[in-house]
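Chains as they are written, first to last, in the numbering used here: chain W, 3 to 148; chain Y, 3 to 148; chain L, 641 to 717; chain P, 641 to 717.
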Amino acid sequence: MSHKILVNGPITQEIVSSIIAKLAEKKDAGGHSVFIGQVRADDFGARRVKAIEYSAYENMIEAEAGKIIKSLSEEFNDVKSIDILHSTGIVMAGEISLLVIVSAGHRHHAISACSKAVEMIKASLPVWKKEIYENNSAGWKENSLA
Amino acid sequence: MSHKILVNGPITQEIVSSIIAKLAEKKDAGGHSVFIGQVRADDFGARRVKAIEYSAYENMIEAEAGKIIKSLSEEFNDVKSIDILHSTGIVMAGEISLLVIVSAGHRHHAISACSKAVEMIKASLPVWKKEIYENNSAGWKENSLA
Amino acid sequence: MEIQVLFFGVLAEVTKTAFKHYRGVTSFEELKMRVGDDFPEIAHYNFRIAVNNELVNGDPLLKDGDEVAYMPPFAGG
Amino acid sequence: MEIQVLFFGVLAEVTKTAFKHYRGVTSFEELKMRVGDDFPEIAHYNFRIAVNNELVNGDPLLKDGDEVAYMPPFAGG
């Protein structure tokens with residue numbers, strides 16, 4: 003279950019387009035569920051988010067992503083493929099930092115597995131983020147796991 | 003709530019890429035949930051699906067899609083936009099026939115609204131499909147609403 | 641009243657037409673009987689009826705120029 | 641034992657380093673004390689520890705060459 007997760011900088015339109023172009027090769031898939039996570043220009047007064055600087059524990063992230071993919075492939079046996087890309091380094095507001103694509107024979111499996119993958123990514127991938135504000139101050143953020 | 007839903011023939015990679023390219027303009031969005039429905043090469047022995055011919059009630063489909071978008075925008079108030087594209091005419095196996103993109107401030111709203119939109123589309127859009135098999139026979143299909 | 645009747649999906653195939661214009665229609669009930677007489681084969685299929693893009697239950701009041709659609713179960717998405 | 645200790649996120653910022661090499665480590669418990677003495681500021685932060693990419697609870701047995709990571713709460717996705 004070797005799987006390259008980390009992308010240096012934003013996940014560009016070119017990366018997204020090239021992955022979507024490959025979906026047509028999966029003729030046994032009936033649905034693809036895609037989640038695109040984008041850096042939101044959260045506005046805290048003067049502290050408007052300009053960018054996020056992501057850092058990751060590279061060895062562990064590949065191992066943990068492999069576990070997520072294995073676990074979901076076992077739970078949803080109609081799933082044909084799961085791809086996860088996550089940025090490291092600087093990603094500007096409006097740019098993409100996460101891409102999850104799940105292909106399945108039937109739509110229901112694609113949608114459920116993708117939704118679950120997003121939650122598992124948030125909970126278990128060793129990634130940290132520092133928000134950089136318009137005034138060039140910065141702050142570390144944690145996921146709140148509701 | 004004017005919204006052009008129908009695409010003549012497959013939803014091409016160019017259409018998908020151009021829509022995804024526009025997501026970056028939504029700087030207040032934190033997540034986009036995308037569903038891509040593809041014609042699956044279902045294999046019933048000799049009757050392997052080669053293509054689907056979709057037909058639609060054009061006036062009504064635009065009205066019903068408008069209702070879906072309005073209803074979900076009210077239910078998920080963090081949703082920024084909902085786009086729905088559906089093919090009419092011939093779509094070959096492996097080609098895309100449905101595209102749903104929901105953008106929201108927070109990922110949870112994007113994922114839930116997109117998943118619900120797919121179910122509502124299946125239940126209420128006046129679209130019909132005729133499967134065309136490799137041996138050139140054909141059969142009408144209905145959605146089973148589980 | 642003049643009413644435009646539309647057929648979709650397998651119904652367009654079995655009636656061999658996508659639409660038919662009816663003149664002198666007096667009620668929804670009477671229209672359904674005339675359509676049933678013209679296209680008896682549709683009795684073998686499940687369908688729902690929409691008037692001017694809205695699904696109807698029971699017998700709606702029609703008005704001149706209305707569009708009445710015969711629709712098999714949906715198969716979109 | 642020789643152990644490589646890694647710091648991530650805000651911990652790399654407050655310790656002003658991403659890693660530190662420890663020699664002559666006798667146990668996990670002793671390693672944690674040495675790290676705490678070298679970087680007392682980390683006591684103000686929440687963190688979890690992984691050994692060789694696996695989160696640990698309690699006091700695992702270390703072996704020569706292990707990688708011990710100090711990780712603040714995750715913020716990916």
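Beta carbons: idealized from backbone N, C-alpha and C, even for Gly.
Computed from a prediction, not measured in an experiment: that's the story for all the values here.
Could you give the distance in angstroms between the alpha-carbon of residue i and the alpha-carbon of residue j?
i                : j                : result
Ile86 (chain Y)  : Ile86 (chain W)  : 24 Å
Glu77 (chain W)  : Ala31 (chain W)  : 17 Å
Ala119 (chain W) : Ile71 (chain W)  : 8 Å
Gly11 (chain Y)  : Ile92 (chain Y)  : 5 Å
Glu60 (chain Y)  : Arg50 (chain W)  : 44 Å
Ser73 (chain W)  : Val81 (chain W)  : 11 Å
Glu694 (chain P) : Ser57 (chain W)  : 18 Å
Gln644 (chain P) : Ala690 (chain P) : 12 Å
Gly39 (chain Y)  : Glu681 (chain P) : 52 Å
His34 (chain Y)  : Asp45 (chain Y)  : 33 Å
His684 (chain P) : Gly676 (chain P) : 11 Å
Val665 (chain P) : Ala65 (chain W)  : 26 Å
Asn138 (chain Y) : Ile98 (chain Y)  : 21 Å
Ile54 (chain Y)  : Ala658 (chain P) : 56 Å
Arg109 (chain W) : Gly47 (chain W)  : 41 Å
Trp142 (chain W) : Lys132 (chain W) : 4 Å
Ala115 (chain Y) : Pro700 (chain P) : 44 Å
Lys660 (chain L) : Lys69 (chain Y)  : 28 Å
Glu27 (chain Y)  : Ala26 (chain W)  : 27 Å
Glu653 (chain L) : Val696 (chain L) : 23 Å
Ser75 (chain W)  : Asn79 (chain Y)  : 33 Å
For the putative contact between residue i and residue j, defined by C-beta atoms under 8 Å, what is the C-beta separation to the nearest angstrom?
i                : j                : result
Ile63 (chain Y)  : Leu8 (chain Y)   : 6 Å
Phe714 (chain P) : Leu127 (chain W) : 6 Å
Trp130 (chain W) : Gly717 (chain P) : In fact, because the Cβ distance is near 12 Å, the residues do not count as touching under 8 Å.
Ser83 (chain Y)  : Ile13 (chain Y)  : Not a contact, Cβ separation roughly 17 Å.
Leu671 (chain L) : Leu702 (chain L) : 7 Å
For residue i, is the classification buried or exposed, using 16 other Cβ atoms within 10 angstroms of its Cβ as the cut-off for buried?
i                : result
Met122 (chain W) : buried
Met711 (chain P) : buried
Gly698 (chain P) : exposed
Phe668 (chain L) : buried
His111 (chain Y) : buried
Ala709 (chain P) : buried
Ala67 (chain Y)  : buried
Ser146 (chain W) : exposed
Ser4 (chain W)   : Summary for Ser4 (chain W): the model assigns pLDDT 45, below 50, so the residue's position carries little reliability; its value from the coordinates is reported in the next sentence. The residue is exposed, with fewer than 16 neighbouring Cβ atoms inside 10 Å.
Measuring CB to CB, does residue i end up less than 7 Å from residue j?
i                : j                : result
Ala95 (chain Y)  : Val41 (chain Y)  : yes
Lys52 (chain Y)  : Glu136 (chain Y) : yes
Asn692 (chain L) : Asp706 (chain L) : yes
Val36 (chain Y)  : Val104 (chain W) : no
Ala43 (chain Y)  : Lys6 (chain W)   : no
Ile113 (chain W) : Ser20 (chain Y)  : no
Glu642 (chain L) : Arg663 (chain L) : yes
Ala125 (chain W) : Ile134 (chain W) : no
Phe679 (chain P) : Thr655 (chain P) : yes
Ala23 (chain W)  : Gln15 (chain Y)  : yes
4-residue-minimum alpha helix (DSSP H) runs that sit fully inside the segment 671-699 of chain L, ordered along the chain: At a cut-off of 4 residues, not a single continuous stretch assigned as alpha helix (DSSP H) sits fully inside the segment 671-699 of chain L.
Can you list, in chain order, the stretches of the beta strand (DSSP E) that have 3 or more residues and sit fully within the segment 50-132 of chain W? Annotation: the segment 50-132 of chain W contains the following complete segments of the beta strand (DSSP E) (minimum length 3 residues), in chain order: 81-94 and 98-106.
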